[in-house]
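Beneath this line is the structure, given in structure tokens, with notes to follow.
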Amino acid sequence: MQPPKQTPLTEPWSQACEAFRSQLGVSLVDGFFKSASISNFQEGLLELQVPSALHQSRIAGHEDLILRHFQAEQLSFIVLDQDLRQRRSPMPKQTILSSVNQSAARALAQAPGAAVSNPLPQAPTLRPNYNFEHFVVGPCNQMAHAAANAVADHPAISFNPLFLHGNTGVGKTHLIQAIAHHLHKKQPELKILFLSCEQFTNHYIEAIRGGNIDAFRERYRSADVLIVDDIHKLSNKEKTQEEFFNTFNALHLAQKQVVLTSDDRPEEIEGLQAQLISRFSWGLVSEIDTPGTETRQAILQRKAEEKGIHIKPDVLSFMADLGANSVRELEGRLTKVQMHAVIERRPIDLALARIALRDDLRRTNRPIRMEDIIQVITEHYKVPLSDLQSKGRKASLMLPRQICMFLSRHMTSMSLVEIGHYFGGRDHSTVSNALKKINKRRQIETEFAQLLSDFDRLIRLI
Numbered sequence: 012m013q014p015p016k017q018t019p020l021t022e023p024w025s026q027a028c029e030a031f032r033s034q035l036g037v038s039l040v041d042g043f044f045k046s047a048s049i050s051n052f053q054e055g056l057l058e059l060q061v062p063s064a065l066h067q068s069r070i071a072g073h074e075d076l077i078l079r080h081f082q083a084e085q086l087s088f089i090v091l092d093q094d095l096r097q098r099r100s101p102m103p104k105q106t107i108l109s110s111v112n113q114s115a116a117r118a119l120a121q122a123p124g125a126a127v128s129n130p131l132p133q134a135p136t137l138r139p140n141y142n143f144e145h146f147v148v149g150p151c152n153q154m155a156h157a158a159a160n161a162v163a164d165h166p167a168i169s170f171n172p173l174f175l176h177g178n179t180g181v182g183k184t185h186l187i188q189a190i191a192h193h194l195h196k197k198q199p200e201l202k203i204l205f206l207s208c209e210q211f212t213n214h215y216i217e218a219i220r221g222g223n224i225d226a227f228r229e230r231y232r233s234a235d236v237l238i239v240d241d242i243h244k245l246s247n248k249e250k251t252q253e254e255f256f257n258t259f260n261a262l263h264l265a266q267k268q269v270v271l272t273s274d275d276r277p278e279e280i281e282g283l284q285a286q287l288i289s290r291f292s293w294g295l296v297s298e299i300d301t302p303g304t305e306t307r308q309a310i311l312q313r314k315a316e317e318k319g320i321h322i323k324p325d326v327l328s329f330m331a332d333l334g335a336n337s338v339r340e341l342e343g344r345l346t347k348v349q350m351h352a353v354i355e356r357r358p359i360d361l362a363l364a365r366i367a368l369r370d371d372l373r374r375t376n377r378p379i380r381m382e383d384i385i386q387v388i389t390e391h392y393k394v395p396l397s398d399l400q401s402k403g404r405k406a407s408l409m410l411p412r413q414i415c416m417f418l419s420r421h422m423t424s425m426s427l428v429e430i431g432h433y434f435g436g437r438d439h440s441t442v443s444n445a446l447k448k449i450n451k452r453r454q455i456e457t458e459f460a461q462l463l464s465d466f467d468r469l470i471r472l473i
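Laid out in structure tokens, this is it:
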């Protein structure tokens with residue numbers, strides 16, 4: 012493989028690679044990062060040239076670390092082994108721009124000054140089973156489900172905007188795709204735009220680069236329904252926030268529906284402009300919580316039916332009692348049981364489920380107490396509990412306090428409010444911010460992730 016061509020941007024990337032080695036490991040950096048090079052860096056966009064899609068995938072997994080190092084807003088790639096060698100390839104997320112097809116999206120970015128004609132309305136590219144019929148309703152999501160149905164029946168009348176928030180994997184994307192499915196079926200003439208926040212950002216950057224911002228604005232502001240997933244990723248993207256603010260205003264003034272999802276409430280999104288916080292709260296802000304035991308069992312039953320798997324109620328009850336923070340976790344549990352049944356060529360019963368889920372069972376045999384977490388963390392950091400519960404904001408106190416909050420949320424059934432109350436009467440938004448900070452650091456720092464894993468193991472040994 013040829014080494015990257017030397018440019019004025021070679022040295023900054025080389026220095027970054029050296030810094031990344033201590034956090035990501037020598038093999039990853041030397042095997043993938045060093046084969047990349049910076050091809051462009053301006054207006055907050057960092058563009059990397061990589062030799063293959065595999066390199067893109069491995070490097071893209073550490074986007075936050077790279078953006079933080081270069082103080083950039085957005086990361087995109089030029090992948091040399093693709094057919095269109097000079098086509099810029101921003102990192103995709105799980106969905107694509109729907110009622111605007113791919114050729115139109117490319118034209119939007121590549122044809123300066125040329126307006127793209129509206130394509131005929133078409134069914135959004137969505138998961139077929141992400142509809143209202145396949146959504147399991149329970150106390151954790153009842154309000155959000157009712158609101159989504161109301162919007163689907165009467166867009167721009169019931170709740171505008173509709174803002175759904177909750178942890179990853181609790182069903183936010185399912186609900187907003189259900190809205191899109193329902194609207195397209197009942198009102199096929201509507202122009203529905205369904206995309207991720209990251210895609211909106213990428214389209215905006217490409218439109219600026221191609222001198223085609225007017226066509227970009229026409230495309231988004233002429234929508235009848237705009238649905239954006241993971242809007243919290245507007246965090247600290249000042250120019251993109253301003254563009255989305257103007258897009259939102261144009262749509263709302265024209266009485267068009269806006270639907271948004273986020274991991275956090277509007278006021279909890281770090282680096283989000285006050286004007287957007289206000290706009291996002293105009294309609295209905297509804298939380299989707301983690302599912303309770305009965306809802307978990309109903310979800311497992313529905314997923315088993317979708318897969319054509321017959322599972323007795325006692326097995327479903329056992330699987331649900333193990334707890335879960337998300338629907339995805341339940342799906343993973345079901346897959347484990349199914350695979351064991353296939354491999355061992357036996358029907359699914361309680362004995363097989365116990366074997367397949369022995370790791371889950373081991374983790375849930377004894378409920379974790381807050382006292383267990385406090386014991387491990389205070390011993391490690393040599394700080395008394397009274398200091399963690401105080402109003403002190405020294406760095407030596409904030410990190411162990413935030414770790415305690417993170418572990419409490421993931422290892423106990425305590426709510427954000429209960430955790431905040433335990434730590435000196437702090438509000439739930441303070442706890443939420445602590446969780447985000449620890450989770451972000453865990454994702455980009457291997458050693459820190461290992462430390463959290465060690466804490467988890469020690470706590471379970473008490």
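When you number the sequence shown by the working numbering, it's gap-free, plus one each residue, and the end is 473.
Ideal Cβ positions, reconstructed from N, Cα and C, are used throughout, including at glycine.
Keep in mind that this is a model prediction, so the values were computed, not measured.
Closer than 6 Å to a non-hydrogen atom of the ligand COA - does that hold for the CB of residue i?
i, result
"V269", "The ligand COA is absent from the structure shown, which contains no ligands of any kind."
Use the C-beta contact count for residue i: other C-beta atoms within 10 angstroms, 16 or more gives buried, fewer gives exposed.
i, result
"M416", "buried"
"N260", "exposed"
"N213", "buried"
"R99", "Reliability fails at R99, whose pLDDT of 37 lies under 50, so the model's placement of it is uncertain and the value that follows must be treated cautiously. Answer is buried; the Cβ neighbour count reaches 16."
"G282", "exposed"
"I379", "buried"
"G221", "buried"
"L119", "Unreliable placement is indicated for L119, whose pLDDT of 38 sits below 50; the coordinate value is still reported in the next sentence. It counts as buried."
"M422", "buried"
"E355", "exposed"
"Q188", "buried"
"Q153", "exposed"
"W217", "The identity of residue 217 in the sequence shown is Glu, whereas the question assumes Trp. That one is buried."
"G319", "exposed"
"L418", "buried"
"H185", "buried"
"Q413", "buried"
Spatial neighbours of residue i within its chain, please: CB distance less than 7 Å, with the 5 preceding and 5 following residues excluded, ordered by chain position.
i, result
"F43", "H66, R69 and I70"
"D438", "G431"
"V160", "The sequence given here places Asn at residue 160; Val does not occur at that position. So the list reads F143, once near-sequence residues are dropped."
"E254", "Y215"
"T179", "D274 and S337"
"G149", "P302, G303, E305, T306 and A309"
"L396", "I385 and T389"
Taking C-beta to C-beta, are residue i and residue j nearer than 7 Å?
i, j, result
"F205", "I242", "no"
"E84", "K267", "no"
"L175", "V162", "no"
"V309", "V147", "Looking at the sequence shown, residue 309 is not Val but Ala. Yes. Within cutoff."
"Q252", "Q210", "no"
"A364", "V326", "yes"
"Q494", "G343", "Residue 494 lies beyond the residue range present for the chain, which begins at 12 and ends at 473; the question has no answer from this structure."
"I299", "S246", "no"
"P411", "I388", "yes"
"T306", "C151", "yes"
"L311", "L341", "yes"
"S329", "L361", "For the record, residue 329 in the displayed sequence is Phe; it is not Ser. Yes. Within cutoff."
"R452", "F459", "yes"
"I470", "D398", "no"
"A155", "S297", "yes"
"V40", "F31", "yes"
"L262", "V269", "yes"
"A158", "F170", "yes"
Which residues in the same chain as residue i place their Cβ atom closer than 6 Å to its Cβ, once the five residues preceding and following it in sequence are excluded?
i, result
"Q60", "S48, S50 and I89"
"I322", "A315 and I359"
"K45", "C28"
"H193", "A163"
Using a Cβ-Cβ cutoff of less than 8 Å, which residues in the same chain neighbour residue i once the five nearest sequence positions on both sides are dropped?
i, result
"F81", "P23, A27, F52 and L57"
"L91", "Q60, V61, P62 and S63"
"P139", "none"
"R420", "L427, I430, V442 and L446"
"F256", "Q284, Q286, L287 and R290"
"L35", "F44, H73, L76 and T457"
"K402", "G435"
Bridge partners for residue i per DSSP, in chain order?
i, result
"L86", "L57"
Contact criterion: CB-CB distance below 7 Å. Does residue i meet it with respect to chain B?
i, result
"H421", "Reference to chain B is not applicable here, since this structure consists of a single protein chain."
- Complete alpha helix (DSSP H) runs within the region 438 to 468 (minimum length 4 residues, chain order): 439 to 455
- Message: Going residue by residue through the region 232 to 311, where are the continuous alpha helix (DSSP H) segments of at least 4 residues, counting only ones entirely within it?
- Response: Entirely contained in the region 232 to 311, the alpha helix (DSSP H) runs reaching 4 residues are, in chain order, 249 to 264 and 285 to 291.
- Message: So within the region 27 to 70, which uninterrupted alpha helix (DSSP H) runs reach at least 4 residues, ignoring any that extend past its ends?
- Response: 37 to 42
- Task: List in chain order: all unbroken alpha helix (DSSP H) runs of 4+ residues lying wholly within the region 152 to 215.
- Result: 153 to 164 and 183 to 197
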